[in-house]
Amino acid sequence: MRLILLGPPGAGKGTQAQRLVNKHGIVQLSTGEMLRAAVAAQTPVGLQAKDIMSSGALVPDELVIGIISDRLDQPDMKNGFILDGFPRTVPQAAALDELLKRKHIRLDAVVELRVNESALLDRVETRVAEMRARGEEVRIDDTPEVLSKRLANYRTLTEPLIHYYSERRKLLTVDGMMTIEHVTREINRILSAIGAVEPKGVKAVTPARKAAAAARKAARPAGKKAAKTARKAAKTARRAAKPASRGTKKASKAGRKTASAARSRGTGSAKKTVKKTVGKASKKVTKKRAKR
Ligand code: ADP
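Numbering (my numbering), first residue to last: 9 to 300.
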């Protein structure tokens with residue numbers, strides 16, 4: 009899944025991006041976070057961006073485009089990504105289109121979080137208070153004065169992207185004034201509706217799921233039982249594949265396929281698949297024989 013999250017400061021992009029990351033096992037690319045990290049590490053990019061960011065202005069397009077281009081080449085991008093805070097200007101969006109085209113990456117959607125401006129200051133104030141309570145360092149651009157500058161920038165430079173992506177039929181708008189939970193549900197609903205989410209049953213490999221699977225595997229008694237089930241299922245499938253090969257080509261293929269599935273999985277569900285497909289295959293063969 010490849011997404012862009014669009015919305016003014018305080019719209020909830022970071023919160024929703026994090027939830028999408030957890031649910032779908034994709035990577036969040038926040039240019040704001042990357043720039044803050046560069047400032048903290050005092051890299052050449054950070055030194056260039058520091059004062060611009062604290063004033064609430066946007067750092068030069070070339071700079072963020074370069075960061076994103078490098079990041080998209082990293083191997084962890086293969087599961088998908090969610091861009092948060094980029095693109096922020098029409099030239100950035102055009103550059104992103106070029107980048108994606110060159111890298112043969114297709115964008116699924118641009119999710120716009122629409123919020124009332126009057127709520128934004130409150131939200132940012134709450135965010136600041138929560139960060140202070142957690143003992144975290146508060147962003148230097150999270151003051152009412154700088155926020156109004158960031159909002160003005162959003163209106164003039166970023167809002168035109170709504171039209172840009174709507175023209176390209178990529179825009180999905182969600183009401184960002186609902187509760188966090190509702191917004192998440194709505195985003196997932198519309199992403200499913202456009203087919204950006206895998207169908208039910210096919211689960212993304214998230215780090216949490218990976219860990220759970222590893223724990224389940226470790227808990228199994230030396231895998232003996234699983235191996236036995238796998239051998240048994242494979243045997244049944246092979247047996248079914250034999251007469252099927254004398255029957256139809258399709259049946260033999262199905263038999264082989266399930267045999268291999270059973271061998272590699274050796275689970276109850278593989279066994280069930282074997283029974284089902286084998287049943288079908290042998291029925292076909294029996295029918296054919298009966299005709300003869
Ligand atoms: P917010 O969305 O709350 O304004 P971000 O964390 O996304 O905050 O960005 C913080 C600051 O980082 C911006 O005000 C800007 O100076 C800089 N920045 C982030 N992304 C971009 C971008 N795509 N283009 C230019 N500047 C950016």
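Note that the Cβ used here is the ideal one computed from N, Cα and C, for glycine as well.
| Minimum length 4: unbroken alpha helix (DSSP H) runs contained in the segment 80-121 | 98-110
- prompt: Of all the options A48, G22, T51, A223, which has the alpha carbon lying nearest to the alpha carbon of L37?
  reply: G22
Based on the DSSP secondary-structure assignment, which residues constitute the bridge partners of D69? Its beta-bridge partners do not exist; DSSP assigns none.
Discussion item. Using only the alpha-carbon positions, how far apart do D149 and G64 sit?
Written reply: 6 Å
- Item | Which of helix, strand or coil DSSP assigns to P251 | With a pLDDT of only 49 at P251, under the threshold of 50, the placement of this residue in the model should not be trusted; the figure read from the coordinates follows. Looking at P251 - three-state DSSP - the assignment turns out to be helix.
So, with DSSP's three-state summary, where would you put T134? helix
Exercise. Bridge partners of I12, per DSSP?
Worked result: L91, V118
Taking Cβ positions, are Q24 and I195 nearer each other than 8 Å? yes
Measuring from the CB of L66, is there a heavy atom of ligand 1 at a distance below 7 Å?
yes
- Candidates R27, M42, A127: which alpha carbon is nearest R79's? M42
Nearest-angstrom Cα separation, counted from A127 out to V136: 15 Å
Alpha-carbon spacing of D183 relative to A223, whole angstroms: 39 Å
Item to complete: Between the Cα of I170 and those of V119, P83, L104, spot the shortest distance and give me the residue it belongs to.
Response: V119
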